[in-house]
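In order, the protein sequence lines correspond to chains A and C.
505 is the number that my numbering gives the last residue of the first sequence; the numbers go up by one with no jumps.
505 is the number that my numbering gives the last residue of the second sequence; the numbers go up by one with no jumps.
2 protein chains.
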Amino acid sequence: MIFIQIDRKTREPIFRQIVREIRTLIDNGTLSPGSKLPPSRVFAARIGVNRSTVYRAYEELWALGYVEGRPGSYLTVRERIPIAHELDDSTVGLIDWKNLTSAYLEDVVSEFSQYRPEGVKITKRECIDFSRLQIDPRLLPVERFRKSMNRTLYRDGEHILNYFPYAGYQPLREYIAQRMRIHGVAASMDNVLITNGSQHALDLITRVFAGPGKTVAVEAPTYANMLPLLRCNGVNIVEVPMLSDGADLEVLETVLQSQDISFFYTMPNFQNPTGITTDQAHRERLLEICMKYRVPIVEDGFEEEMKYFGKVALPVKSMDTDQIVIYVGTFSKVLMAGVRIGWIVAEKPCTDRLLAVKRFADIASNSLSQAAVYDFCRAGLYDLHIRKLHRVFRRRMQALQRAVSEYIDPTCLECTRPTGGYLAWGSLPGEYIETERVRNIFENNGVIVSYGNYYFARRPRNSGFRLSISMLDEDTIYEGIRRLGDAVTELQEKRHVT
Amino acid sequence: MIFIQIDRKTREPIFRQIVREIRTLIDNGTLSPGSKLPPSRVFAARIGVNRSTVYRAYEELWALGYVEGRPGSYLTVRERIPIAHELDDSTVGLIDWKNLTSAYLEDVVSEFSQYRPEGVKITKRECIDFSRLQIDPRLLPVERFRKSMNRTLYRDGEHILNYFPYAGYQPLREYIAQRMRIHGVAASMDNVLITNGSQHALDLITRVFAGPGKTVAVEAPTYANMLPLLRCNGVNIVEVPMLSDGADLEVLETVLQSQDISFFYTMPNFQNPTGITTDQAHRERLLEICMKYRVPIVEDGFEEEMKYFGKVALPVKSMDTDQIVIYVGTFSKVLMAGVRIGWIVAEKPCTDRLLAVKRFADIASNSLSQAAVYDFCRAGLYDLHIRKLHRVFRRRMQALQRAVSEYIDPTCLECTRPTGGYLAWGSLPGEYIETERVRNIFENNGVIVSYGNYYFARRPRNSGFRLSISMLDEDTIYEGIRRLGDAVTELQEKRHVT
C-alpha cells in the first residue's frame, strides 16, 4: 500500500508530486525491486485524482527507469542499477579525438560544424524560400505508400524483417533493371546494386575506385554534397567548368590528358545546381573522350524521371557499349527521401567490388523499405506518381519562366531555362559580389536562394545562385520572382553607386 | 480497334499470344505512341477469352515497357525508346576495375567472392543447423511492429518521409540515451548517433579513427565481420587471445606498450563467437590499461539486453569517467535486423567527428524505420519483447547446457557456459584438425556448426566452432547436441586411429 500526500495548493502539478513521492519511496527502499504499483484506476481513486494524472506520472517513472512493465498493465519497481546522469558539457575526456583523425577528415569536420543546424533557418518568416530541394509534402503519396508498407508487413513481415539481401531486395533490383532498360540502359538485375540513397552510392564508388591521394574530376558548379564526400575520402578535386550546354569538354580532355583521374563525376539532367541538361551530341563526345583516356564516368542520374518538357537525351550509360560508365540513381528526389533507397548500375566486375565493400561496411540496406517501395512500384503507383509530378512541375517551371520574363531585367540577372527537374540557376553579370551582400539585399526583399559558393570546390568565386521550385506552388513562385526582380535591380543600382 | 488472332490449338498460352501480337503491332507502328489499349473487359469479350487472361497480358506488356498507365485504368502505348537488352556475361569492358582498387580492397573482394551465395547453404535437408545467428522468425513481433509502422505513417508520414535527421530521429536518440542510462552509462541525446546497424557504426569508427596503415587490436576469436571490415579500410590487425574469462589483458598491455594502436575492439557480453562474458574486475582492469596508454576502447554492446541468468556486469562504458570508450549498440540482434538501426554512444567531440563523415557519406539513416521503432519502444513493446526473449532463451540455453552434460564426453569437446545471449563455443581438445574433416564428420552425423577459422585474423589455427541456438527450439537443441556428441566421439576415435 502506497501512501502519498497530494498538496493541491502548490503550483507543482499533481502528476509531478506523484512522481516525486514514488521516487522517494523507491530511493529510500520503502518500495523494493519487484513491488507492484497499484493499477492507475485504483490508485487514482484512492488519492482522489484523475486517472489520467496517475497514468502520466507512471509514464514519467517508466521513462526515468524507475519502473518497468507495459503501460496499462501492472508496473513493477525495477531492480536498482545506479542510473547515470547526463554528461556535462564541461567534462573533458582523456582522448584527443581530433588528433586521431586524418587532416582531410578534420577539414570536413570543421566544414560541417559551420553548417546551420538542420531545419533551423535563421530567416524572416515572410521570406519566400527558393533554397530547399525536397519533395513537396503535398505531393508525397503517403497514404498509398502506407498501404504498400502494410501489405508488405502483413504478407511477408517475418521474412522481410530478417532478410539480408546484400545487393538489395531481388524483386526491386529486377524492377530497377527493367526501368533502366526503358531509359535505354542495357542492364539485368545482376548489374544493379541497391544502396542507402545515392549519397551512399557515391561514397562507395569513391572508396573503392578513388581514395586517399587520388584525384577526381567534377563539374563546376557541381552537386554540393559531392565535394565534402570526396574530401572526407582524402580525394583531390579537379574542376571542369560548366558552360551553358554542359561541362567544357575541351577542358576535360586537357585534364584527362595531363593528370591521373580516377573518374569524372557528371550529372547530365537538370544538373544540381544549374538545371542544365546536356544534349545527345555532348553526351556522345563526353563518352568518346573518357573512352579515349580509359577514365570511368560516374553518371548521376539525378531526376532522370523528371523530363517533362519535350524530348531529352537518353543517359550516357545507354550508349556505354564499353562499360566505362557507373550509373547512380535514387528514389529520394522523385518518390521519397526518408526510405533511403538509391542504386548503382554498372558492369559486374565493377559492382562486384562495390558489393564486397558494401557487404562489410553495412551488411545490407533496409529490406523493409525496399520491399514496400517495390510493392508500390509494382502496383503501377510509381508511374502514376511520376505523371502527377510531371503535371505539377511542368506548370511550376512554366510559372518560373513566365515570371522571369515578366519581372527580371536580363541585364541584372541571367537565368537558365531547364527542361525538367526542380532547379534553375541565376547568374549575376559582372564582377563577383560578396555572398553576404547579395544575401542581405535578397532577404530584405523577402526572398531566399541557395548561394553558389557551396557548389564549387574553390570558393568564393561565383556570385550565381540556385533556385529550387520543389516546395513552391505557382503563385508563390510568381511572387518570389517578382521580389527577386526587385532585389537584383537594387543590387545592380548599388553596384554602380559603389 | 485491335484485331488479334488467337490460336487455341497451340501450346503457347493465350496471354503470351496476346502479348506477342500487341508487341508486333507496336513494333511495326500500327499502334502508335499514345494509343489507348481497349479496357481489358471489352477486349476480353471481343476476342472471347477470360478477362484475367487479358489482364495478365497487359501486365506483361507493362513490365516489358511497351505500355504505361496504372493497371486497371486505361493503358497507352509508350513513346518508343529503344529498349536495351540485358548485358551479356561475355561483354568485356574497357576498364580494368581490379586495377583501380587498392590491394587491401582487392583482398576483401576475393574473400567475399568465396562466400557461399546468401541463403543457399549446401547442406543436407535433415541437418540441425547451429550456424545461423538470426532472430527466430517465430519470435519476431511482426504484427505489433506493423501497427507501429502504420501509426507512424498515418500520423506523421508527410514529415517522416521527408525528414533528414543527420544524427538520427530525435525521440529515438532520447529513448536510447535513457536506455543507456539504465545500463549505467552517462549519456544524453547529444551523445547518441544513429547508424544503419552496428556494422555501419563500426565502419564509421574505423574510417574516422583508424584508416589505411593504422593498426587495431581485436580479440581472437572475434566477431567474424569485423575482420574484413578492418581490412577493407586498409587497417592492420593485432590479435589478443581470448581466455576463458575474456581477452588476455597481459597480452593486451604488451601490445599497447609496444605498438601504436588506434583502438581496441571488444565485445564484453556473450561474445560472438565464444559466448564468454567478462566480469566486473576484468572490465575495470581493461579500462585501466587502455586509460594508461590512452587507447580508445570500442565496446560492442552486442546483446546487452540479453542477460537472462543472474547478475551481469554493467558495460565498460558505464565506468568510463574519462571518456575513452566508444559504445556501439544495435536493435538487429534483439528486435529485428531488417530495419537496420544501430547506434554509437560517445563523448561529443568523438560523435561530432563521426557525424560529419556520416553526414557526407550517406546523409541520414532511414527516418521511417527509426520513427516506427521509436513508436514500438515508447509503447513499452520493446520491454515486453525482451522479457519474452528472456523467457524463451533462458529455457533454450538451459536445454543446451543440460544436453551438453548429458550427451557430450568432456574429453572430446569443451563447451562454454554462457549466462545469456544465443551463442556457445565448442573447443576440440588436442591438435588442430582440418575444418573440412570436422565438417564431414559433423554433417554425416546430421549437425551443422559455424567453424572457427572465420573468427580469427590469421587462419587456420583453431578447430573450435560456434553454436548458435537463436533459431532452434528446445527439442531440436536436445537432438542436435545428441548428434554432436556422437560426432565428436567419432572424431576423437578417428584421431587416435590416424
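Cβ coordinates follow ideal geometry from the N, Cα and C atoms, glycine included.
- Taking 7 Å as the cut-off, the Cβ atoms of A:A217 and A:V223 count as close.
- Around the Cβ of C:N106, a 10 Å sphere holds fewer than 16 other Cβ atoms; the residue is exposed.
- The DSSP-derived three-state label of A:G427 is strand.
- Distance from the Cα of A:G241 is smallest, within the candidate group A:A227, A:K221 and A:L256, for A:K221.
- Non-local beta-carbon contacts of C:K16 in its own chain, meaning distances under 7 Å to residues more than five positions away in sequence, are absent.
- Against C:M343, the close residues of chain A are L168 and N169, in the order they occur along the chain (beta-carbon pairs closer than 8 Å).
- Sequence-distant partners of C:V399 (beyond 5 residues in either direction) whose C-beta falls short of 7 Å from its own C-beta, in its chain, are L146.
- Going by beta carbons, C:G427 and C:Y334 fall outside the 7 Å limit.
- Annotated three-state conformation of C:D307 is strand, per DSSP.
- Rounded to the nearest angstrom, the Cβ distance from C:L294 to C:D327 is 7 Å, consistent with a contact under 8 Å.
- Under the DSSP definition of a beta bridge, A:I244 partners with A:V223.
- Taking the beta carbon of C:M156 as reference, the chain A residues within 7 Å of it are M156 and L160, listed in sequence order.
- Under the three-state reduction of DSSP output, C:I29 falls in the helix class.
- Counting along the chain, no alpha helix (DSSP H) covers A:G387, and no H or E run does either.
- In the three-state reduction of the DSSP assignment, C:M156 falls in the helix class.
- DSSP places C:T337 in the uninterrupted beta strand (DSSP E) bounded by V332 to T337.
- For chain A, none of the residues of the segment 404 to 437 of chain C brings a beta carbon within less than 7 Å of one of its beta carbons.
- Going by beta carbons, C:Y173 and C:Q377 fall outside the 7 Å limit.
- Using a Cβ distance threshold of 7 Å, C:V26 and C:A64 count as a contacting pair.
- If you draw a straight line from the Cα of A:L407 to the Cα of A:I167, it comes to about 44 Å.
- Within the model, the alpha-carbon separation for A:V199 versus A:V332 is close to 13 Å.
- The alpha-carbon separation between C:R465 and C:G76 amounts to approximately 57 Å.
- Under the 8 Å Cβ criterion, the segment 154 to 165 of chain A counts as touching the segment 148 to 158 of chain C, having at least three qualifying pairs.
- One alpha carbon belongs to C:R360, the other to C:R366, and they sit about 10 Å apart.
- In terms of Cβ geometry, C:L263 and C:V302 form a close pair [threshold 7 Å].
- Secondary-structure assignment with DSSP links A:R473 through a beta bridge to A:W432 and A:S457.
- Across the structure, C:S251 and C:K501 are spaced so that their CA atoms are roughly 28 Å apart.
- In this structure, the beta-carbon distance from A:Y458 to A:F449 does not fall below 7 Å.
- The continuous alpha helix (DSSP H) containing C:Y111 extends over residues A110 to S120.
- Note that the C-beta distance between A:K43 and A:T108 is not below 7 Å.
- Pairwise C-beta distances place the segment 407 to 416 of chain A out of contact with the segment 347 to 358 of chain A, as fewer than three of them are shorter than 8 Å.
- Looking at A:C297, A:K340 and A:K299, the one whose alpha-carbon comes closest to that of A:G308 is A:K340.
- Scanning its chain for C-beta atoms nearer than 7 Å, with the 5 sequence neighbours on each side dropped, one finds around A:A184 the residues A194, S195, M196, N198 and V199, in chain order.
- For C:V215, the enclosing alpha helix (DSSP H) begins and ends at G204 to F216.
- Counting the other Cβ atoms within 10 Å of the Cβ of C:S372 gives 16 or more, which makes it buried.
- Taking a C-beta distance under 7 Å as the contact criterion, A:M478 and A:R186 do not qualify as a contact pair.
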